Structures are given as structure tokens and as C-alpha cells.
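Participant: Residue numbers (my numbering), protein chains in the order written: chain A, 1 to 115; chain B, 1001 to 1111.
If you scroll down you'll find the structure; I have some questions about it.
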């Protein structure tokens, strides 16, 4: 069974640009969550999508957005990039979502560097 | 803001020893507890989940949960150098609805 797939794995962007990251969940998983990981802040929850609806959102500015498609694949977008957005962005999938205590499984992440 | 606290370490233990990793959480309504291992430059991978008070064993790993004390721990027996990683405690089922992660404890197992 294929795991969570994230693309691209590595990317470098310039301040002010925007970026889109993609995530394909494990087959059959309907919930996709996104996390930002930085050395100082650790893993921080961005948002969760379930059946194409945003079900939960963390404390990030509106520059961070996401969506989920009917096949459960998800994308997240960061507009007007700032240096502080440099981080590992992790996608995680689960059957029914974190609220129900379901185990989440992480993809390998997308390393974003903003210069 | 609900929190999960872990000692950042580094925790250094000799090969073959027992490594003890601890985690406390603030949301008394939390119901699901997870330990993830993260190697440097890699994504977190699930080691264990625990949902009820007491101990849960899986190979060399034992998770312990005490909801009254809002405390969860992970014991690694016969520690190996390959266990050297950052261990993340995660908690869910509380008021926030999503998994909340601690910042992790870095474990170093010396040969």
C-alpha cells in the first residue's frame, strides 16, 4: 500500500512569491492534515481537510490556504512568501481524521527555503 | 492554548540501557496519545499509540499513560544506536480537535 506522497520534495522560492505544495493521501484515507515544522516552533498544525471541506484550522495567517479534491488529494498554498516561511511542510493522512483519535501517517515532507 | 510539554534533551544513554522519555499535556479531555520517532532530515513515523491508562508494550517499546496525572511516557529497552532520533509526543481528542505535538526529545544512544 503506497504511503503519503508529497511533491515537490525540495524547493527554493524568493520572498514575495507564492508556492503550491501537493499531497496524495494513503488510498482510502479521507482526511488530510498539513503541518509546518521549524527548529524553533516544532510541529505546528496548519489545517485539516475531510471530504473536500476544511474541518479545522490552526493559528496561521490567511496567506496559508489549502483545498482538497474529490479524490482526497490536497494542496496547500502560501502566498507572499516571507523568510520565516522556510520550513518543512508535512502532509498527514488518516481514515477519519484526528478528531476521532485516528492515527495519522506522514508523508516525507516538502522542504521550502525562502530567500 | 492547549500544550504538550517534553524535555528537549538531548537525552544520552549507553547502548543496551533503558531510555525513558516523558510527556505532559494540559487538556484533561485528551483521549488519544501517540509517540512518533523522527530521524534527522526525515518525517515523523508512528511508534505507538495508547488510549487507556496503564502500559502498552510493543517489542522493545512500552508506552505508559496516566490520565489523572496527565502524563504519558515511552520506555525503550535495550537501546540501540539506531534509536538515536527525536521522539515526538502527540495528543488528540481534546477541545482543539487536532493532534497537538510536543517539541520533541532528542535521544542519543552511545555505542
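Quick reminder that beta carbons are idealized off the backbone N, C-alpha and C, glycines included.
Remember, it's a predicted structure, so these values are computed and weren't measured experimentally.
Since I believe residue 1105(B) is in contact with residue 1070(B) (beta carbons under 8 Å), could you give me their beta-carbon distance rounded to a whole number of angstroms?
Facilitator: Position 70 of the second chain, counting from 1, holds the residue named residue 1070(B). Position 105 of the second chain, counting from 1, holds the residue named residue 1105(B). No, residue 1070(B) and residue 1105(B) are not in contact; Cβ-Cβ is about 17 Å, not under 8 Å.
Participant: Can you check DSSP and say which residues form a bridge with residue 88(A)?
Facilitator: To locate residue 88(A), count along the first chain from 1; it is residue 88. Answer is 37(A), 111(A).
Participant: Tell me, which residues are paired with residue 5(A) by DSSP?
Facilitator: Mapped onto the first chain, residue 5(A) falls at position 5. For residue 5(A), which the question treats as bridged, DSSP gives the partners 24(A).
Participant: Would you call the CB atoms of residue 35(A) and residue 50(A) closer than 8 Å?
Facilitator: Start at 1 with the first residue of the first chain, and residue 35(A) comes out as number 35. Start at 1 with the first residue of the first chain, and residue 50(A) comes out as number 50. No. Outside cutoff.
Participant: Would you be able to state if there are at least three C-beta pairs under 8 Å between the stretch 22-35 of chain A and the stretch 1012-1020 of chain B?
Facilitator: Not touching, per the Cβ criterion.
Participant: Excluding the 5 residues preceding and the 5 following residue 1066(B) in the sequence, name in chain order all residues of the same chain whose CB lies nearer than 8 Å to its CB.
Facilitator: Taking the first residue of the second chain as 1, we reach residue 1066(B) at position 66. Closer than 8 Å at the Cβ level, and outside the excluded window around residue 1066(B), lie 1053, 1072.
Participant: Can you pull the chain A neighbours of residue 1011(B), defined as C-beta to C-beta under 8 Å?
Facilitator: Start at 1 with the first residue of the second chain, and residue 1011(B) comes out as number 11. None at all; the shortest Cβ gap to chain A is about 17 Å.
Participant: Is there a C-beta anywhere in chain A that falls below 8 Å from the one on residue 1107(B)?
Facilitator: Within the second chain, the letter at position 107 stands for residue 1107(B). Cβ-Cβ to chain A under 8 Å: no for residue 1107(B).
Participant: Can you tell me which of the three DSSP states residue 83(A) falls into?
Facilitator: As a working note, residue 83(A) is residue 83 in the first chain. DSSP places residue 83(A) in helix when its eight states are reduced to three.
Participant: Under DSSP, the beta strand (DSSP E) around residue 1073(B) begins and ends at which residues?
Facilitator: Here residue 1073(B) refers to the residue found at position 73 of the second chain. Unbroken beta strand (DSSP E) run through residue 1073(B): 1071-1076.
Participant: By Cβ distance below 8 Å, which residues in the same chain neighbour residue 66(A) in space, the five residues on each side in sequence not counted?
Facilitator: On the first chain, residue 66(A) is found 66 positions in, with the first residue counted as 1. Excluding residues within five positions, the ones whose Cβ falls inside 8 Å are 34, 46, 47, 49, 54, 74, 75, 76, 77.
Participant: Taking the C-alpha atoms as reference points, what is the distance between residue 1085(B) and residue 16(A)?
Facilitator: Indexing the second chain from 1 puts residue 1085(B) at position 85. Indexing the first chain from 1 puts residue 16(A) at position 16. If you take the alpha carbons of residue 1085(B) and residue 16(A), they lie about 35 Å apart.
Participant: Closest to residue 1005(B) by C-alpha separation, out of 1019(B), 1026(B), 1020(B), would be which residue?
Facilitator: In the second chain, counting from the first residue as 1, residue 1005(B) sits at position 5. The option with the nearest alpha carbon to residue 1005(B) is 1026(B).
Participant: Using alpha carbons as the reference points, say which of 1093(B), 1037(B), 1111(B), 1110(B) lies closest to residue 1002(B).
Facilitator: Numbered from its first residue, the second chain carries residue 1002(B) at position 2. It is 1093(B) whose Cα lies nearest to the Cα of residue 1002(B).
Participant: Residues of chain B with CB under 9 Å from residue 103(A), in chain order?
Facilitator: Locating residue 103(A) in the first chain gives position 103, where the first residue counts as 1. By Cβ distance, chain B contributes 1032, 1034, 1046, 1049.
Participant: Residues in its own chain within less than 7 Å of residue 108(A) by CB, not counting five upstream and five downstream?
Facilitator: In the first chain, counting from the first residue as 1, residue 108(A) sits at position 108. Within the same chain, residue 108(A) has close Cβ partners 6, 9.
Participant: Thinking residue 1033(B) and residue 1050(B) are a contact (beta carbons under 8 Å), I'd like their distance in whole angstroms, please.
Facilitator: Within the second chain, residue 1033(B) is the residue found at index 33, counting from 1. Within the second chain, residue 1050(B) is the residue found at index 50, counting from 1. That pair is a contact at about 5 Å.
Participant: List, in order along the chain, the chain A residues whose C-beta lies closer than 8 Å to that of residue 1002(B)?
Facilitator: Residue 1002(B) sits at position 2 when you count from the first residue of the second chain. Here the premise fails: no neighbours, minimum Cβ distance about 11 Å.
Participant: Taking residue 104(A) as the reference, which of 1068(B), 1035(B), 1021(B), 1082(B) has the closest Cα?
Facilitator: Taking the first residue of the first chain as 1, we reach residue 104(A) at position 104. Closest option to residue 104(A), Cα to Cα, is 1035(B).
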